[in-house]
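>
Following this line, the structure appears as structure tokens:
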């Protein structure tokens with residue numbers, strides 16, 4: 003699967019660190035969702051990702067950027 007900026011895909015959370023979460027995407031790619039992009043359903047920022055997310059959770063993400071090294075940055079769609 004080819005990924006491109008703006009694409010919305012379903013992924014699975016594989017790691018949670020203080021600055022964000024790592025998500026495995028279709029095709030075996032991995033991207034990072036920085037904590038600055040995380041919001042609760044009411045729009046409140048989420049400061050500690052491990053308080054709101056769990057390993058193996060399914061999550062819908064939007065590809066925000068793929069850099070020249072192939073690193074994928076993610077955001078919550080919408």
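Numbering (our numbering), first residue to last: 3 to 80. Even glycine gets a Cβ: it sits at the ideal position worked out from N, Cα and C. Just so you know, these numbers come straight off a predicted model, no measurement behind them.
Which partner residues of residue 23 appear in the DSSP bridge assignment?
Its beta-bridge partners are 18, 35.
> Quick one: Cα of residue 8 to Cα of residue 61, how far?
For residue 8 and residue 61, the distance between alpha carbons rounds to 16 Å.
> Could you please give me the residues that DSSP links to residue 67 through a beta bridge?
Bridge partners of residue 67: 75.
> Anyone know if the C-beta pair for residue 19 and residue 57 falls short of 8 Å?
No, Cβ-Cβ distance for residue 19 and residue 57 is not below 8 Å.
> Could you have a look at residue 45 and say whether DSSP puts it in helix, strand or coil?
Residue 45 falls in the coil class under three-state DSSP.
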